[in-house]
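Everything on this sheet refers to the single structure shown next.
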Amino acid sequence: MQSADIIVIGAGIAGASAAAELAANADVVLLEMEAQPGYHATGRSAAYFAAAYGKKVVRDFTGCCEGFFRQPPEGFSDVELLHPRDCMFFARADQEAQLQALQQDNPALVRLTAGEVLERVPVFANDYIHGGLYESRGGDLDVDAILQGYIRLFRRRGGRLLAAHAVMSLCRESGCWRLTAGGASFEAPVVINAAGAWVDRIASLAGLPPLGMRPLRRTALTVAPPAGMDISDWPNMLDADEDFYFKPEAGHILISPADETPSEPCDAQPDDFDVALGVDRFERATGLDIRRVISSWAGLRTFAPDRAFVAGFDPRAEGFFWLAGQGGYGIQSAPAMAQLTRFLVQGFEPDPAFGAVREHIAAVAPDRFIEQT
Ligand SMILES: Cc1cc2nc3c(=O)[nH]c(=O)nc-3n(C[C@H](O)[C@H](O)[C@H](O)COP(=O)(O)OP(=O)(O)OC[C@H]3O[C@@H](n4cnc5c(N)ncnc54)[C@H](O)[C@@H]3O)c2cc1C
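Just so we're aligned, residue 139 is where the sequence shown starts under our numbering, counting upward by one.
Here is the structure:
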């Protein structure tokens with residue numbers, strides 16, 4: 139039996155970042171079922187930091203993380219974590235109401251004319267663009283560097299990461315959680331459930347009813363840019379209805395049809411239909427003829443019923459902590475979620491840059507779903 143103060147289940151960005159923060163003052167074990175961390179949602183994202191994306195609670199968490207990504211703590215990473223890239227919403231004439239709603243919800247967004255959109259991104263078909271909204275706080279994230287930075291920090295603080303250790307059982311006995319994983323047994327008074335699409339399955343191992351977390355499949359693909367066109371400075375381009383988006387990605391154009399297909403927790407694979415949908419929406423907007431898809435992939439974005447994050451102890455089971463519902467924002471918000479987790483589990487105040495997370499403790503608490511079930 140291996141003992142620890144805290145066991146974190148799942149070494150995606152959520153579990154790895156929380157484990158690193160918690161390990162500053164506790165003996166922490168991080169259990170991952172796959173052979174390497176970040177294999178599921180974390181390794182499949184579009185790797186974008188969009189301060190303007192999601193509901194207010196999501197934007198507030200994301201906003202706190204900007205400084206961390208721009209200037210990470212000493213020794214966290216040798217490479218740039220956030221490479222500046224603006225964010226733009228674009229709209230056809232029939233989407234004017236959506237543009238107005240977006241700007242009303244987020245007054246920091248700057249209104250653009252059709253001409254201003256086309257000046258930045260001269261790829262749209264004639265008369266497609268009616269207007270846009272713009273903000274300059276976005277950027278491309280180096281997801282692998284962020285994940286590896288947290289794992290290094292975790293190990294430096296004495297944390298133990300065990301890959302190929304799928305948690306198979308979980309029960310509370312004599313004031314401790316006892317787990318079996320990878321043929322070994324573990325015990326700790328506190329368990330952090332950061333299992334991404336599998337969080338409700340982990341709860342059921344612990345004998346708890348689910349919170350109703352929904353894994354939704356999202357597809358991404360890359361295509362070549364039009365010959366001779368310099369796309370390197372294009373913003374991240376989001377359709378005003380989020381029917382699709384596209385952005386430059388290592389010399390190619392990354393496109394997503396912004397699909398949200400309900401799925402069981404699994405190793406998600408791209409469906410041909412969704413890939414074709416992404417190509418079709420991009421072709422309709424641009425008039426381009428896409429002959430070849432260079433690569434495609436899919437991952438599960440897991441949402442709570444109200445699409446806000448879930449972080450907090452389960453009032454039904456002592457020492458069982460939920461760190462879930464990262465949806466489409468789990469990378470860009472991870473440092474803030476990790477700081478909140480440390481505060482809620484160990485009582486340490488978040489660093490000043492993350493102070494805003496304290497305002498949202500009730501909004502992200504799992505209790506909001508448990509009362510209704
Ligand atoms: C196409 C796509 C585009 C995206 N774009 C962005 C973006 O631009 N910006 C952004 O911030 N976010 C984006 N996201 C969302 C982001 O990827 C997720 O919110 C984030 O990765 C979730 O992290 P996680 O750690 O909760 O989940 P995961 O990365 O899935 O990690 C959960 C881990 O738990 C492990 N696990 C499960 N069950 C067990 C068990 N029984 N025992 C041990 N381990 C277990 C899994 O193996 C997995 O490694 C995107 C997602 C997709 C799919």
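Just so it is clear, CB atoms sit at the ideal spot from N, CA and C, and this is done for glycine as well.
What does DSSP give as the partner residues of Phe451 in its beta bridges?
DSSP, once it has assigned bridges, lists Phe459 as partnering Phe451.
Determine the burial state of Cys309: buried for a count of at least 16 other Cβ atoms within 10 Å of its Cβ, exposed for fewer.
By the 10 Å Cβ count, Cys309 comes out exposed.
Express the C-alpha separation of Glu325 and Leu415 in angstroms, rounding to a whole number.
Between the alpha carbons of Leu415 and Glu325 lies a gap of roughly 47 Å.
With a threshold of 7 Å, establish whether the CB of Arg208 neighbours any heavy atom of ligand 2.
As for ligand 2, it is missing from this structure, which binds only ligand 1.
In terms of alpha-carbon separation, which member of Ala378, Phe292, Thr180 and Val281 lies closest to Ala164?
Of the candidates Ala378, Phe292, Thr180 and Val281, the one whose C-alpha sits nearest the C-alpha of Ala164 is Phe292.
Go ahead and label Gln242 buried or exposed: buried means 16 or more other beta carbons lie within 10 angstroms of its beta carbon, across all protein chains shown.
Taking all protein chains in view, the Cβ of Gln242 is surrounded by fewer than 16 other Cβ atoms within 10 Å, so the residue is classified as exposed.
Does the beta carbon of Ser394 sit closer than 8 Å to a beta carbon anywhere in chain C?
Looking at the structure shown, chain C is missing, and only one protein chain is on hand.
4 or more residues per run - each alpha helix (DSSP H) lying fully within the stretch 392-459:
As far as the stretch 392-459 is concerned, its whole alpha helix (DSSP H) runs of at least 4 residues are 410-424.
Could you spell out the range, first to last residue, of the beta strand (DSSP E) harbouring Gly269?
Its beta strand (DSSP E) spans residues Gly269 to Glu273.
Assigned exposure category for Asp278 - 16 Cβ within 10 Å defines buried:
Its Cβ being crowded by 16 or more others within 10 Å, Asp278 is buried.
Measuring CA to CA, which of Gly465, Arg230 and Ala449 is closest to Thr180?
Minimum Cα distance to Thr180 is reached at Gly465.
Please state if the CB of Gly468 and the CB of Ile151 are separated by a distance shorter than 8 Å.
Yes, these two residues count as a Cβ contact at 8 Å.
Residue span of the alpha helix (DSSP H) that contains Lys385, given as start and end:
Not the alpha helix (DSSP H): Lys385 falls in the beta strand (DSSP E), residues Tyr383 to Glu387.
According to DSSP, is Thr511 helix, strand or coil?
Caution applies to Thr511, whose pLDDT of 48 falls short of 50 and renders its modelled position unreliable; the model cannot decide the point.
8 Å CB neighbourhood of Ile267 in its chain, flanking five on each side removed
Cβ neighbours of Ile267 beyond the five flanking positions: Phe228, Ala229, Arg230, Ala252, Val255 and Leu256.
Going by C-alpha distance, which of Ala184, Ala149 and Glu273 is nearest His390?
It is Ala184 whose Cα lies nearest to the Cα of His390.
Cβ-heavy atom distance, Gly176 to ligand 1, below 7 Å
Flag set: Cβ of Gly176 near ligand 1.
Is Val305 near ligand 1, judged by its Cβ being under 7 Å from some heavy atom?
Checking every heavy atom of ligand 1 against the Cβ of Val305, one is found closer than 7 Å.
Which residues mark the beginning and the end of the alpha helix (DSSP H) in which Met171 is found?
From DSSP, Met171 is part of no alpha helix (DSSP H); its letter is neither H nor E.
Using the three-state DSSP reduction, which class does Val146 fall into: helix, strand or coil?
DSSP places Val146 in strand when its eight states are reduced to three.
Simplified DSSP state of Gln470, which is helix, strand or coil:
Gln470: coil per DSSP, three-state reduction.
DSSP beta-bridge partners for Tyr186?
Residue pairing by DSSP places Tyr186 opposite Asp278 in a beta bridge.
Quick one, are the C-beta atoms of Ala503 and Gly450 less than 8 Å apart?
Against a cut-off of 8 Å, the Cβ pair of Gly450 and Ala503 comes out as a contact.
Since Ile284 and Leu219 are thought to touch, with beta carbons under 8 Å apart, how far apart are those beta carbons, to the nearest angstrom?
Separation of the CB atoms of Ile284 and Leu219 is rounded to 6 Å, and the pair is thereby assigned contact status at 8 Å.
His221, buried or exposed, once every other Cβ within 10 Å from all chains shown has been counted against 16
Of the other Cβ atoms in all chains shown, fewer than 16 fall within 10 Å of the Cβ of His221; this residue is therefore exposed.
Within a Cβ cutoff of 7 Å, which residues of the same chain sit near Arg439, ignoring the five residues on either side of it in sequence?
The residues are Ala179, Leu354, Arg356, Gly465 and Gly466.
Would Arg419 pass as a contact of Asp381 if the rule is Cβ separation under 8 Å?
Yes. Within cutoff.
Shorter than 7 Å, the distance from the beta carbon of Ala185 to the closest heavy atom of ligand 1, or not?
With a cutoff of 7 Å, Ala185 counts as near ligand 1, since its C-beta is closer than that to a heavy atom of the ligand.
Note down, in chain order, each residue of its chain lying with its Cβ closer than 7 Å to the Cβ of Tyr186, except the 5 sequence neighbours on either side.
Gly276, Asp278, Leu279, Asn374 and Lys385.
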